[in-house]
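Just so you know, we're using the numbering used here here: the sequence shown kicks off at 1 and counts up by one. Built from N, CA and C at the ideal position, the CB exists for glycine as well. Since we're looking at a predicted model, the values are computed, not measured.
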Amino acid sequence: MMTSNANTISPSLRQTLDRVANRIADRKHEIVDLLREEHPEMSEHVATTFQHCIWWEGCYYCKGEDGEWQRVRCFM
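Here it is as structure tokens:
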């Protein structure tokens, strides 16, 4: 469940993402490429801010140096 900030995630989702991130491939390059044409500033932000990105249940989530996950983009 999402909290009031659309990019902030719940503690239970955070635990799930931490668990699955170790088993699935990093998709940071994918989301950076997808955003580059439509949202170049966001693409650059993702490229420079986040360490690791994954695809989970229709959304890209990225984890920063602070260890926090953020929802970056969803495709439903």
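The alpha-carbon of Glu-44 is positioned some 16 angstroms away from that of Glu-65. For Arg-19, the number of other beta carbons within 10 angstroms of its own is below 16, and it is reported as exposed. Residues Arg-71, Cys-74 of the same chain have their beta carbon placed closer than 6 angstroms to that of Cys-59, with the five preceding and five following residues left out of the count.
Taking a contact as a CB-CB distance under 8 angstroms, the pair Arg-23 and Cys-53 does not count as one, their CB atoms being some 15 angstroms apart.
The alpha-carbon of Val-46 is positioned some 9 angstroms away from that of His-29.
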